[in-house]
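Engineer:
2 protein chains.
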Amino acid sequence: MRKYAPVSFPDVRLEGDFWRERLDTVLARTIPSQHKKLGEYGILDSLKLPQPPPPLRFPRHANGFTVQVFWDSDVGKWIEAASYALAHRRDADIEAKIEAIVDDFEKAQAPDGYLNCWYLGREPEKRFTNLRDNHEFYNAGHLLEGAIAYFQATGRRRWLSIMERYLDHIYTVFGSEAGKKHGYDGHEEIELALIKLYHLTKDSKHLDFATYLINERGHQPPHFFDAEREEREEKGIDTQRYVFPNYEYSQSHKPVREQDKVVGHAVRAMYLYTAMADLAAELGDEALKHACEVLWKDVMDTKMYVTAGLGPSAHNEGFTWDYDLPNETAYAETCASVALIFWAQRMLHLDLDGQYADILELALFNGALSGLSRDGTHYFYANPLESDGRDTRWDWHTCPCCTMNVSRLVASVGGYFLSAAEDGIAFHLYGGISTSVGVAGTEVGVREISNYPWSGDIRIELSPETPKAFDVKLRIPGWAKSFSVKVNGEAVSAQPANGYFTLNRIWSKGDVVELDLPMVAERLYANPSVKMDIGRVSLRRGPFVYCLEGADNPGGPVQRLKLPRAAELKAQTRSDLFGGLPVVTISADAVAIDQGGWEKTLYRTDPPGQEKATLTALPYYLWANRGTHSMVVWVPEA
Amino acid sequence: MRKYAPVSFPDVRLEGDFWRERLDTVLARTIPSQHKKLGEYGILDSLKLPQPPPPLRFPRHANGFTVQVFWDSDVGKWIEAASYALAHRRDADIEAKIEAIVDDFEKAQAPDGYLNCWYLGREPEKRFTNLRDNHEFYNAGHLLEGAIAYFQATGRRRWLSIMERYLDHIYTVFGSEAGKKHGYDGHEEIELALIKLYHLTKDSKHLDFATYLINERGHQPPHFFDAEREEREEKGIDTQRYVFPNYEYSQSHKPVREQDKVVGHAVRAMYLYTAMADLAAELGDEALKHACEVLWKDVMDTKMYVTAGLGPSAHNEGFTWDYDLPNETAYAETCASVALIFWAQRMLHLDLDGQYADILELALFNGALSGLSRDGTHYFYANPLESDGRDTRWDWHTCPCCTMNVSRLVASVGGYFLSAAEDGIAFHLYGGISTSVGVAGTEVGVREISNYPWSGDIRIELSPETPKAFDVKLRIPGWAKSFSVKVNGEAVSAQPANGYFTLNRIWSKGDVVELDLPMVAERLYANPSVKMDIGRVSLRRGPFVYCLEGADNPGGPVQRLKLPRAAELKAQTRSDLFGGLPVVTISADAVAIDQGGWEKTLYRTDPPGQEKATLTALPYYLWANRGTHSMVVWVPEA
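Chains C and B, in that order, are what the protein sequence lines are. With the UniProt record's numbering as the guide, the letters of the first sequence map in order to residues 1 to 638. With the UniProt record's numbering as the guide, the letters of the second sequence map in order to residues 1 to 638.
What follows is the structure in structure tokens.
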């Protein structure tokens, strides 16, 4: 079903300033500091079996277990991020750290292949008795992604072999055959990892098991989680309360092909849909593809923050109802936006349609990137769209899932820039890359030069070894009000189809494509069904959504500022805000509610005055890097 | 320290339409339906000991125990409310129901006097091992209040004697003496109940124990809750996690006289402060009074919703930080506003200062009364100040504390109208009452006639048996922009002091005081430190705060409406909204954000239009009685 396939990131060199800076930060600071945190918080110790369980560094969760149940996954994600770093540049120290972890896992692995340090260290007899709540497959999935990445970066197969042994064990216990458990995990993740492994090894058993898990999910009666609970009761194993007492939480309320509403835990949902889209492509499964499209439309039409944040509610870490997008209490977990990028990329390769790339880009530059601080060692787990000035980035989190999700994303971001097919190259993102792609039977050197995302002035140099005819597809972002294309200096006029402008010609060494995407600061309005945003406006320029932060708008909380509809939006490149980093801000004449004269009065009949003011807006992803300040994305209109 | 004392409610006949209707509803519908619910939900069964614990009708709480731990208190509060009903009119059926409950408690009571059905029915050996979390004194306090009310209404002493036996047992276990536990309950309540009992019996041991509890609270090290936990550990009793892991939650973070910030669980805080104010008056304790005043100022200056709702956060059911008053997620538990009324009444009787009566009135007509439906059988536990149209009143609640708090309040509301002293009568609330008060050595018949709270046109008839000189103090509400007073038709001019206008003369039979408090619909603004309300306005008329509800503002969610600052506010009496009940609405010309033309678009650059509209506002307490609709208290200004 797929025509275009992504050009994977080790083959895409990042040369543009924007991503170079983020990548360098992640490689130099984030990934090393994350290993340190894994040590400090006892997560690495928890792999050293057999031994008494490490002291619990965190209070027990209200639901009766500790965060340790997820710790294998955090190690897996760190290995994945660290392996992406190795793919950029081998590093003996990182490799030694990974090898030490692999040593621990190798020692921990049970003779039959089972490998989950939480169960092995604490209650090995209870393994595979509570997939609903306890994440064994989720952990396995992340460990597997780490193993694949490590193998791809280094050629070392030991870790991957350990994981293959574990999978073989899982395949003896779970599956459709009589006598096996007919089940799946409450937290999806292994499905997409198995498809990655299938791509690597071409061993169809992994694809088969991923297919099984996707097909089994949500079938009832009996519902697997009920059958599992009954079995626990028969065995006298404590039946803990369902962490969240409905099947929607884990997208297991009905078979996946019948699902038409995005529900439940946002990260779980995104991982599931990613795997569904992957599998639809692998199997040519139109019903599965259709379900993905219906779910995509549901989230896009009614459930996504303007920042591509997903999941308004901390209660279920996920979705609630249509148009419920509160700003100050937005959960919008970093992981959910990262996972939306995964899903969007899969959808994009089912159909080369710019709507998917638009969301991939939106999530990347806003909801996902906002999770990582400028210094690369502080994080947001939740990404609210408004703050009273009490939100600060954390240097770690009790559940550190988001930290490594953002590092593995940035470390592999090159893989989202372009795709190749037999007869073409498609450019999705811009920002300065070089690569070489096999197209139309020749190797094509590609260089894309731009100051994107700050400027839409893009130059692409193509150098096929031999002149060949093929498509060059240029994404025209949904935010672009206009665009122009030149080939070797000559204007080309045509209309983009599905968000891509296609140039088909015989390309020769030294051909140059120039794409101009004028970036205009503009206003965005929300559907008034989003009651929280009625009478409010947000600002956008290029791929960035903007916010007002107190640091740039002194004199009171930014909530005091109103933006008249007629006020001109002025974009300005500023290098003084973040130690030389050039940033395009948006400023405008505004109105400010007068803050003075209240003393200790809480309510009064005398109205506050208004005064003229100026507002300055900053790309959302940069907020909360200069101390704590109030912040709004949706500004009241004057 | 007290000069004026409240005239208690059985002596104050409600004759005005407003309270007559609410009282009749509570007597005829609320109190009987609550007894039915106590039966349906297994709460009454839970008293029938010894027997196996009743099946758990509710899921276990995340914190490991069920709501049953509070059930004695719910029974106690129902007995209190039902006894207030009996004080209005004896009723054999209600008395039989109460007697049946007393039979159960009598059978359940342990030989040593201990009486808590949750512990006696489940784990009697663990009694008094976890006051931090498990509410034994809290339950005892509510049972005691019920017993006092029942005795006062009927003269039956059996139930009160049972409770006195239980208290005597408590006094042998807890106290300052060596060998006793030095402790208090995590949920305050018994303190104020003990002072009520002292007032009834004049037995100083009850006042002494209340004093002990107030004085002991927050002393450390060792903190009682730590000492108690250590004792549990020594005995091998499960040490459950602190329901909310800080001492502020239960106002036990420091000795009460040192407390200067309102913190923690809102209802706990209000019950504590009520008892503190009571005790300050009993003991003439200036330090305790000062602490009450400092805490009062803190909540008034920075932590109270405009509706007198308290406690913004569901997380701790309580307070967070200064000016944190989110509207849609406001917790503002009904119980907290009811308890604020208790506290305000105690403060008012420490100092006859209108600021306390103003808040008593505000809480009564808004944050408390909003907890009860028109039909008297549906409730709000949380009282948000904005709704997207999904909030509905419940016919019962897993934790039904608020249901009986509002019924006991309404059933005894006459007790808040006026106070008497040796030399005077003070009128706090108006609305149509008659009573007889002993003043200046004579009995004074009092009749207050008005259509308050809808109109401020008030007539008071005074009929002393013999002519006597005494003060008549008329509260001039803080909301009144002007007022006028006539005595026997002749205007009297003077200034009120501390919110009361004092008339001192020789009063004779047939004297008439006329008080006019013009009620004007007006705008209220919040201190801009309340960031949620910047650029917004709320409406008030007399004691009522208003809201916009969808039922009166069709055409889209009320969040679409903006109120221009210059728009005239028009008050209108409407009898068509609630089946003949006269209600004063406020209407004004407004601006509405156009709702059309969006289809499935979530965000767009094209701004929505605005159109002229009219808005209609309704007293807040009446919302959510006509189906589910959107609602706002704080309306954006155009």
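Just so it is clear, CB atoms sit at the ideal spot from N, CA and C, and this is done for glycine as well.
Taking 8 Å as the cut-off, decide whether the C-beta atoms of leucine 524/B and threonine 605/C are in contact.
Structural biologist: As a first step, residue 524/B is located in the second sequence; it is residue number 524 there, counting from the start. As a first step, residue 605/C is located in the first sequence; it is residue number 605 there, counting from the start. It is a contact, given that the beta carbons lie within the stated cut-off.
Engineer: Run down chain B in chain order and give the residues with a C-beta less than 9 Å from the C-beta of aspartate 351/C.
Structural biologist: Here residue 351/C refers to the residue found at position 351 when the first sequence is read from its first residue. Simply none; closest approach about 19 Å.
Engineer: Determine, using beta carbons only, whether proline 222/C comes closer than 8 Å to chain B.
Structural biologist: The residue labelled residue 222/C in the question sits at position 222 within the first sequence. By this cut-off, proline 222/C is not an interface position.
Engineer: Identify which residue in Leu213/B, Tyr184/B, Ile94/B and Asn130/B has its Cα closest to the Cα of tyrosine 242/B.
Structural biologist: The count along the second sequence starts at 1 and reaches residue 242/B at position 242. Residue Asn130/B is the option with its Cα nearest to tyrosine 242/B.
Engineer: Rounded to the nearest angstrom, how far is the Cβ of aspartate 72/B from that of asparagine 134/B, given a contact under 8 Å?
Structural biologist: Along the second sequence, one-based indexing puts residue 72/B at 72. Along the second sequence, one-based indexing puts residue 134/B at 134. Not really, about 11 Å apart at Cβ, beyond 8 Å.
Engineer: Hey, could you find the ends of the beta strand (DSSP E) alanine 201/B is sitting in?
Structural biologist: Taking the first residue of the second sequence as position 1, residue 201/B is located at position 201. Sequence check: residue 201/B is threonine here, not alanine. Careful: threonine 201/B lies outside any beta strand (DSSP E), inside the alpha helix (DSSP H) at 190-201.
Engineer: Rounded to the nearest angstrom, what separates glycine 431/B and glycine 556/B at their Cα positions?
Structural biologist: Taking the first residue of the second sequence as 1, we reach residue 431/B at position 431. Taking the first residue of the second sequence as 1, we reach residue 556/B at position 556. Between glycine 431/B and glycine 556/B, the C-alpha separation is close to 36 Å.
Engineer: To the nearest whole angstrom, what separates the beta carbons of tyrosine 452/C and glycine 16/C, a pair I think is in contact under 8 Å?
Structural biologist: Locating residue 452/C in the first sequence gives position 452, counting from the first residue. Locating residue 16/C in the first sequence gives position 16, counting from the first residue. Yes, tyrosine 452/C and glycine 16/C are in contact; Cβ-Cβ is about 7 Å, under 8 Å.
Engineer: Is the segment 615-632 of chain C close to the segment 315-329 of chain B, with three or more CB pairs under 8 Å?
Structural biologist: The segment 615-632 of chain C, when compared against the segment 315-329 of chain B, does not touch it at the 8 Å Cβ threshold.
Engineer: Who are glycine 376/B's beta bridge partners in DSSP?
Structural biologist: Here residue 376/B is taken as the residue at index 376 of the second sequence, counted from 1. The partner list for glycine 376/B (beta bridge, DSSP) is empty, contrary to what the question assumes.
Engineer: Quick one: complete beta strand (DSSP E) runs, 3+ long, within the segment 474-522 of chain C?
Structural biologist: You should have 484-487, 490-492, 500-507 and 511-516.
Engineer: If distances are taken between C-alpha atoms only, which option among Glu21/B, Val7/B, Lys468/B and Phe9/B comes closest to residue 639/B?
Structural biologist: With chain B running from 1 to 638 in the structure shown, residue 639/B is simply not present.
Engineer: On the criterion of 16 or more Cβ atoms from any shown chain inside 10 Å, does glycine 141/C qualify as buried, or is it exposed?
Structural biologist: Here residue 141/C refers to the residue found at position 141 when the first sequence is read from its first residue. Answer is buried; the Cβ neighbour count reaches 16.
Engineer: Terminal residues of the continuous alpha helix (DSSP H) containing serine 370/C?
Structural biologist: For the purposes of this step, residue 370/C is taken as residue 370 along the first sequence, with counting starting at 1. That residue, serine 370/C, is in no alpha helix (DSSP H); it is neither H nor E in DSSP.
Engineer: Just tell me which of Arg158/B, Gln34/B, Ser8/B and Val492/B has its CA closest to the CA of lysine 196/B.
Structural biologist: Taking the second sequence and counting its residues from 1, the one referred to as residue 196/B is at position 196. When only C-alpha atoms are compared, the closest one is Ser8/B.
Engineer: Taking the alpha carbon of residue 682/C as the point to measure from, which residue in Leu362/C, Arg165/C and Trp159/C has its own alpha carbon closest?
Structural biologist: Residue 682/C cannot be examined here, being either before or after the span of chain C that is shown, 1 to 638.
Engineer: Within 10 angstroms of the Cβ of tryptophan 321/C, are there 16 or more other Cβ atoms? Answer buried if so, exposed if not.
Structural biologist: Here residue 321/C is taken as the residue at index 321 of the first sequence, counted from 1. Burial call: exposed.
Engineer: Between alanine 300/B and chain C, is the shortest Cβ-Cβ distance under 8 Å, so that the two count as touching?
Structural biologist: Indexing the second sequence from 1 puts residue 300/B at position 300. Note that residue 300/B is methionine in the sequence shown, not alanine. It does: the Cβ of methionine 300/B has a partner Cβ on chain C nearer than 8 Å.
Engineer: In chain order, what residues of the segment 510-534 of chain B put their CB closer than 7 Å to some CB of chain C?
Structural biologist: Within the segment 510-534 of chain B, the residues whose Cβ lies closer than 7 Å to some Cβ of chain C are Glu522, Arg523, Leu524, Tyr525, Ala526, Asn527, Pro528, Lys531 and Ile534, listed in chain order.
Engineer: Have a look at alanine 469/B and aspartate 511/B and give me their C-alpha separation to the nearest angstrom.
Structural biologist: One-based indexing of the second sequence puts residue 469/B at position 469. One-based indexing of the second sequence puts residue 511/B at position 511. Near 12 Å, if we compare the C-alpha coordinates of aspartate 511/B and alanine 469/B.
Engineer: Quick check: what's the CA-CA separation for proline 518/C versus isoleucine 476/C?
Structural biologist: Counting from one through the first sequence, the residue named residue 518/C turns up at place 518. Counting from one through the first sequence, the residue named residue 476/C turns up at place 476. Each residue's alpha carbon lies about 11 Å from the other.
Engineer: What is the DSSP secondary structure of glycine 438/C, counted as helix, strand or coil?
Structural biologist: In the first sequence, residue 438/C corresponds to position 438, counting from 1. Correct three-state label for glycine 438/C: strand.
Engineer: Suppose only complete runs of 4+ residues qualify. What are the alpha helix (DSSP H) ranges in the segment 323-359 of chain B, listed by chain order?
Structural biologist: Listed in chain order, the complete alpha helix (DSSP H) runs (minimum 4 residues) inside the segment 323-359 of chain B are 334-350.
Engineer: Kindly indicate which three-state DSSP category alanine 5/C falls into: helix, strand or coil?
Structural biologist: As a working note, residue 5/C is residue 5 in the first sequence. In the structure shown, alanine 5/C sits in a strand (DSSP, three-state: E or B).
Engineer: With burial defined as no fewer than 16 other Cβ atoms inside 10 Å of the residue's Cβ, what is the status of glutamine 495/B: buried or exposed?
Structural biologist: Position 495 of the second sequence, counted from the first residue, corresponds to residue 495/B. Exposed, by the Cβ-count rule.
Engineer: Flag proline 312/C as yes if its beta-carbon sits less than 8 Å from any beta-carbon of chain B, otherwise no.
Structural biologist: Along the first sequence, one-based indexing puts residue 312/C at 312. Not one chain B Cβ lies under 8 Å of proline 312/C.
Engineer: To which residues of the same chain is arginine 626/C closer than 6 Å at the C-beta, ignoring the five residues directly before and after it?
Structural biologist: Stepping through the first sequence from its first residue, residue 626/C is reached at position 626. The answer, listed in chain order, is Ala551.
Engineer: Against chain B, which members of the segment 603-614 of chain C pass a CB distance test of less than 8 Å?
Structural biologist: From the segment 603-614 of chain C, only Tyr603, Arg604, Thr605, Asp606, Pro607 and Pro608 have a Cβ closer than 8 Å to chain B.
Engineer: Rounded to the nearest angstrom, what separates alanine 411/C and leucine 44/C at their Cα positions?
Structural biologist: Reading the first sequence from its first residue, position 411 is the one you call residue 411/C. Reading the first sequence from its first residue, position 44 is the one you call residue 44/C. Looking at the two C-alpha atoms, the distance is approximately 22 Å.
Engineer: What residues in its chain sit with their C-beta under 7 Å from that of glutamine 559/C, if we drop five residues either side in the sequence?
Structural biologist: The count along the first sequence starts at 1 and reaches residue 559/C at position 559. Same-chain partners within the cutoff: Ser630 and Val632.
Engineer: Cβ closer than 7 Å: which chain C residues qualify as neighbours of threonine 329/B?
Structural biologist: Position 329 of the second sequence, counted from the first residue, corresponds to residue 329/B. By Cβ distance, chain C contributes Thr329.
Engineer: Quick one: is tryptophan 598/B near chain C, going by C-beta distance under 8 Å?
Structural biologist: The sequence position of residue 598/B within the second sequence is 598, counting from 1. For tryptophan 598/B, the answer is yes, since a Cβ of chain C falls inside 8 Å of its Cβ.
Engineer: Below 7 Å, is the gap between the Cβ of glycine 389/B and the nearest heavy atom of the ligand NAD?
Structural biologist: Among the components of this structure there are no ligands whatsoever, and the ligand NAD is therefore not found.
Engineer: With 8 Å as the threshold, decide whether the Cβ of glycine 556/B is near any Cβ in chain C.
Structural biologist: Along the second sequence, read from residue 1 onward, the residue named residue 556/B stands at position 556. For glycine 556/B, the answer is yes, since a Cβ of chain C falls inside 8 Å of its Cβ.
Engineer: Less than 6 Å between C-beta atoms, sequence neighbours within five positions excluded: which residues of the same chain meet that for tryptophan 623/C?
Structural biologist: Your numbering for residue 623/C matches position 623 in the first sequence. Excluding residues within five positions, the ones whose Cβ falls inside 6 Å are Cys547, Glu549 and Met631.
Engineer: Name the chain A residues that come within less than 9 Å of serine 630/B, Cβ to Cβ?
Structural biologist: Absent from the structure: chain A. Protein chains present are C and B.
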